[in-house]
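In order, the protein sequence lines correspond to chains A and B.
Position 38, counted from 1, in the first sequence is what the numbering used here calls 31; the numbers after and before it change by one each time, with no gaps.
For the numbering used here, add 18 to where a residue sits in the second sequence, where the first one is 1.
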Amino acid sequence: MNVNVVLVGHVDHGKSTLIGRLLYDSESIKDEQIEEIQKLAEEYKRRFEFAYFLDSFEDELKEERTIDTVSLMFKSKLNYYTITDVPGHKEFIKNMLTGASHADVAVLVVSAEEGVQEQTRRHMFLLKMLGIKQVFVVGNKMDAVDYKKERFETVKNQISELLNSFGYATDEILFIPVSAMEGDNIYKKSERMEWYNGPTLIGALDGVTLEVKEKPLRFVVQDGYEVEGEKIVVGRVESGMLRKGDEVTFEPSGIRTKIGGIKVFEDELEEAATGDCIGITIGEEVKRGDVGGIVENSPKAANEFYGEAVLLGKDLKKGETVELRCGTAKVRCEIKEIKEKIDSETGEVIEKYPKEINEHDAATIVFATEPLVVEKFAEIPELGRFVMVKDNKNIGAGVVLDAILS
Amino acid sequence: MELKDLENRSIFIIREAYAEFENPAVLWSTGKDSTTALALCRKAFFGKIPFPVIHIDTGYKFKQMYEFRDRIAEEWGMDLIIARNEDAMKAGVGPKDGKFECCTALKTEALMKCLDKHGFDALLLAIRRDEHGIRAKERVFSPRDEAFRWNYRDQPLEMWDQYQAQGQSENDVTIHTRVHPILHWRELDVWEYIKQEKGIPVNPMYFAKGGKRYRSLGCEPCTSPIDSDAKTIEEIVEELRTTKIAERSGRAQDKEKTFMMQKLRALGYM
Chain A
-6 MNVNVVLVGH VDHGKSTLIG RLLYDSESIK DEQIEEIQKL AEEYKRRFEF AYFLDSFEDE
54 LKEERTIDTV SLMFKSKLNY YTITDVPGHK EFIKNMLTGA SHADVAVLVV SAEEGVQEQT
114 RRHMFLLKML GIKQVFVVGN KMDAVDYKKE RFETVKNQIS ELLNSFGYAT DEILFIPVSA
174 MEGDNIYKKS ERMEWYNGPT LIGALDGVTL EVKEKPLRFV VQDGYEVEGE KIVVGRVESG
234 MLRKGDEVTF EPSGIRTKIG GIKVFEDELE EAATGDCIGI TIGEEVKRGD VGGIVENSPK
294 AANEFYGEAV LLGKDLKKGE TVELRCGTAK VRCEIKEIKE KIDSETGEVI EKYPKEINEH
354 DAATIVFATE PLVVEKFAEI PELGRFVMVK DNKNIGAGVV LDAILS
Chain B
19 MELKDLENRS IFIIREAYAE FENPAVLWST GKDSTTALAL CRKAFFGKIP FPVIHIDTGY
79 KFKQMYEFRD RIAEEWGMDL IIARNEDAMK AGVGPKDGKF ECCTALKTEA LMKCLDKHGF
139 DALLLAIRRD EHGIRAKERV FSPRDEAFRW NYRDQPLEMW DQYQAQGQSE NDVTIHTRVH
199 PILHWRELDV WEYIKQEKGI PVNPMYFAKG GKRYRSLGCE PCTSPIDSDA KTIEEIVEEL
259 RTTKIAERSG RAQDKEKTFM MQKLRALGYM
C-alpha cells in the first residue's frame, strides 16, 4: 500500500529531524548522503543533524529552519510511504499547504518542551479544512524532558483540547512520546519510556487503513486531440468508474452522449477506474473544464457556491473578481459576499460580513461564478476543492461547502 | 506508488502543460529519465509528440549518446532541436575552466540561446525528487524569469493538481515555466517501468561491461561508471533494490563545492 504522510507542527519542534530519523532507521539513506552531511556539518561547524537530509538549501542550513516543503519516499516492512516535510514558520504557510495537499495521513509534531504553539494551531486548522481526518500526534523531544510521563500527559491534554476544538474525535487519536534525535519510539520501541505501551510511530503508520468511498463518476476534460482523423477527448477519471457504452452528460456544456470507446496509447479499454488518464471517443465536442458523469447522477453546473478558503495573497475584497480553478476548469468569479473572517490560528470567527480579508485569514465566502461544476467537498472532494488565482498567481485555496445551482 | 499511478500522474501533467502553454518543448539528454519522459509523451498524445524535442549538446557527450540520439529521433519521428552554445564551444570552454563555469556555459547558456531563438514558454524536464535534495524542492510547474533564475524562496502555491501556469514573485516576469512530469518517480520506478513497457529504448552504456556500468549519463569528462555486474534491465532493477550507493555518485558537477547543485539550478541549470 502507498501512504502519503505529512508532518506538521510549529517551527523547531523537530519535523525534519523526525523524517531524517525515519529514513535513517529504515535504511533508506545512501552511504554517500551520510558522508555528505558529515562533511557539511564540519564545513559549517555544526553538529550532525538528521534534518540536513531534508533541508537541502544552503539557506535552510544557515537559517536552521525549513523553508520549502519536500517529499521523500521510503519503505517499511509493510508499506510504501511518501513522507512530506513542511516548514513550521508562518512566513511559509504557502509551502506548507503545497506539501499537505496530497496527504492521506498527518503526523502532528509537538515539542514536549514547548507544547502547543502558534503553528501547531494553524496547521491543524488548515488540515481540518483540507479534510485530512487521520491524525497521529507525537510528543517529540522527550529526551529534553527526561522521558517523564507527567510532562507528556500535560502536553497531550493541551493538544487534545486543541484538536477537540477543531472537531477531531481525540479518543480515536494516538499520542506517541518520541525523541527523533535519539530514536525513541520512532522505528524502535524505547526502553526509556516503560510507561508507554502503545505502538512506535512506524507501527502506527503501518496500521493505517485508507478509506475507499464509493463515488459517482466524474470525468474531467483536459483537452481534445485529433489522431489520424479521429477526435479523442482526453481527461482523467476523478471519481467512480467509466465504461464503454455509458450514457454520459457533460457540464457546463450540457452535452449528452454515449462513450463510444476508451483509448490509451495503442490500446482500447472496456472500462477506466478512478485516477486513470484516458482518451474517449464520443462523437461530440466538449471542452476543457467540462465534467462528465453518468446521466442518472450527472454533475451540475453552478452559478454560485459557498466555500471556505484561506488566503495567502495580500488581500481579497468583497466585490472583486478573481480566477478560480476547480478540476480543469478556469473561470472568472466574483467575491459576492464574505460571510465570516476566521482566524486561521484559532479557528474563531473574528468578524462577520467584512469588506475584505488579508494574508493568512480564512473565510467563508459566497462566490458568484461563470457556470462551473463544483461538488460538496464532503461528497466528492476531487471536485470540491479550488484554487483562487489573481494576476496569474495562485493566491489561495478552499473547499466547497455547498453549491447553489442555477 | 504503483507504476500505473505514476504513469497516470505523468500523463496528466504532460497534457496539462500542452493545454496551458502555447509553445512547449521537451528536453532530452538521451538518458533513462528523459527517454522515459518521451515515452510518456508518446502515450499522452497517442504516438506522435506534438512539440519539439531539445537535446543540449555540449560537445563533450559520449559517442554512444550521439548514436543513440540520432537512432531514436529517427525511429520516433521527433522534431529534434540540437542546442549548442557555439560561442563558448569555439572559445574552448571546458571542464578545465571549472565544472560550475563549464556546466553554466555549455548547458544553461546553450538552453537560454535556444529558448531565445524559438520562444518556448514551457520546457518539460525529466528531473526527479529522489535524484538530489535540491531537485526534491521543485514544483511540478516551476516559473523562471528572463534571466532563467529560479526563485526557490518564493515558489508558487501548488495544491492538489492545480499548477500555476504563469507568474513569478513581485516585479518578476515569467519567461518560461519548467514542467516536471516525472518529479514523483524514483530511480527504481524508472527501471521497473522500462522493464514493464518493453518499448522504451535504453542506451547500452547503462549495462555493465567489465564490471562497470554508468548509472547516470552526463558529459564524458565529468561522468564515471560505478562498479556493477548488471547486464540487463532485470539485473539493474535487482541491483537498485539493495544498493547503498547514490545515483549521481558518478557525476562530478554535483560535488565540486558545497551546494553546487543549488547554485547551478538558481541560475537556470536543469
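Where a beta carbon is used, it is the ideal one built from N, C-alpha and C, also for glycine.
Drop a sphere of 10 angstroms on the beta-carbon of residue i, count the other beta-carbons inside from all chains shown, and report buried for 16 or more, exposed for fewer.
i: Gln186 of chain B; result: Unreliable placement is indicated for Gln186 of chain B, whose pLDDT of 48 sits below 50; the coordinate value is still reported in the next sentence. Under this definition Gln186 of chain B is a buried residue.
i: Met381 of chain A; result: buried
i: Phe86 of chain B; result: buried
i: Asn387 of chain A; result: buried
i: Tyr74 of chain A; result: buried
i: Trp403 of chain A; result: In this structure chain A extends from -6 to 399, so residue 403 of chain A is not present and cannot be described.
i: Arg249 of chain A; result: exposed
i: Tyr346 of chain A; result: exposed
i: His136 of chain B; result: exposed
i: Leu56 of chain B; result: buried
i: Phe41 of chain A; result: exposed
i: Tyr37 of chain A; result: exposed
i: Gln7 of chain B; result: What is shown of chain B runs 19 to 288, which leaves residue 7 of chain B out entirely.
i: Lys87 of chain A; result: buried
i: Gly222 of chain A; result: exposed
i: Glu188 of chain B; result: For Glu188 of chain B, the predicted model reports a pLDDT of 48, less than 50, meaning its position is unreliable; a value from the coordinates is still stated below. Classification for Glu188 of chain B: exposed.
i: Thr48 of chain B; result: buried
i: Arg14 of chain A; result: buried
i: Met(-6) of chain A; result: exposed
i: Asn178 of chain A; result: buried
i: Gln299 of chain B; result: Look at the range of chain B in this structure, 19 to 288, and you will see that residue 299 of chain B is not part of it.
i: Glu375 of chain A; result: buried
i: Glu143 of chain A; result: exposed
So, with DSSP's three-state summary, where would you put residue i?
i: Tyr74 of chain A; result: strand
i: Val79 of chain A; result: coil
i: Phe67 of chain A; result: strand
i: Val21 of chain A; result: Strictly speaking, residue 21 of chain A in this sequence is Ser, with Val absent from that position. Coil at Ser21 of chain A, not helix or strand.
i: Ala109 of chain B; result: coil
i: Gly253 of chain A; result: coil
i: Thr53 of chain B; result: helix
i: Val208 of chain B; result: helix
i: Ala248 of chain B; result: coil
i: Phe39 of chain B; result: coil
i: Val148 of chain A; result: helix
i: Ser158 of chain A; result: helix
i: Asn290 of chain A; result: helix
i: Lys61 of chain B; result: helix
i: Asn385 of chain A; result: coil
i: Ala197 of chain A; result: helix
i: Pro347 of chain A; result: coil
For residue i, which residues does DSSP report across the bridge?
i: Asn159 of chain B; result: The question names Asn, but residue 159 of chain B is Phe in the sequence shown. Phe159 of chain B is bridged to B:Val197.
i: Ala105 of chain A; result: DSSP output for Ala105 of chain A lists no bridge partner at all.
i: Phe379 of chain A; result: A:Gly391
i: Asn133 of chain A; result: A:Ser104
i: Glu301 of chain A; result: A:Thr357, A:Val392
i: Glu244 of chain A; result: A:Val284
i: Gly217 of chain A; result: A:Val226
i: Gln127 of chain A; result: A:Val98
i: Glu270 of chain A; result: Here residue 270 of chain A turns out to be Cys, not Glu, going by the sequence shown. Per DSSP, A:Arg229.
i: Lys125 of chain B; result: According to DSSP, which records beta bridges pairwise, Lys125 of chain B is partnered with nothing at all.
i: Ser172 of chain A; result: A:Asp177
I think residue i touches residue j, with their Cβ atoms under 8 Å apart; what is that distance to the nearest whole Å?
i: Gly272 of chain A; j: Leu210 of chain A; result: 16 Å between Cβ atoms; not a contact.
i: Val226 of chain A; j: Val214 of chain A; result: 6 Å
i: Asn290 of chain A; j: Pro364 of chain A; result: With 8 Å as the limit, Asn290 of chain A and Pro364 of chain A do not qualify as a contact, their Cβ atoms being about 19 Å apart.
i: Gln31 of chain A; j: Phe46 of chain A; result: About 12 Å; that fails the 8 Å criterion.
Would you mind telling me which residues of chain C sit closer than 7 Å to residue i, beta carbon to beta carbon, in chain order?
i: Phe41 of chain A; result: Of the protein chains in this structure, namely A and B, none is chain C.
Would you check whether the ligand ATP has a heavy atom nearer than 8 Å to the C-beta of residue i?
i: Ile251 of chain B; result: With respect to the ligand ATP, the structure shown offers nothing to examine, as it has no ligands at all.
Can you list, in chain order, the residues of the region 351 to 383 of chain A whose Cβ is nearer than 7 Å to any Cβ on chain B? Arg378, Val380
Using Cβ-Cβ distances below 7 Å, what residues of the region 148 to 165 of chain B are close to chain A? Asp148, Gly151, Ile152, Ala154, Lys155
Using a Cβ-Cβ cutoff of 8 Å, what residues of the region 71 to 91 of chain A are near chain B? List them in chain order. Tyr73, Thr75, Lys87, Asn88, Leu90, Thr91
For the region 290 to 307 of chain A, enumerate the residues whose C-beta is nearer than 8 Å to any C-beta of chain B, in chain order. Leu305
Given a limit of 9 Å on CB to CB distance, which residues of the region 57 to 69 of chain A reach chain B? Ile60, Asp61, Thr62, Val63, Ser64, Leu65, Met66
Give me the subset of the region 307 to 334 of chain A whose CB atoms are less than 7 Å from a CB atom of chain B, sorted by chain position. Arg318
Output needed in chain order: residues of the region 15 to 39 of chain A with a Cβ under 9 Å from some Cβ in chain B. Glu20, Ile22, Lys23, Asp24, Glu25, Gln26, Glu29, Lys32, Leu33, Glu36, Tyr37
Name the residues in the region 106 to 137 of chain A whose C-beta lies less than 9 Å from a C-beta of chain B; which are they? Leu123
Relative to chain B, which residues along the region 168 to 179 of chain A have a C-beta separation below 7 Å, given in chain order? none
Residues in the region 60 to 71 of chain B having any Cβ partner in chain A nearer than 9 Å: Arg60, Lys61, Ala62, Phe63, Phe64, Gly65, Lys66, Pro68
Relative to chain A, which residues along the region 21 to 51 of chain B have a C-beta separation below 7 Å, given in chain order? Asp23, Asn26, Ile29, Phe30, Arg33, Glu34, Tyr36, Ala37
Output, in sequence order along the chain, the residues in the region 227 to 252 of chain A whose CB is closer than 7 Å to any CB in chain B. Val227, Arg229
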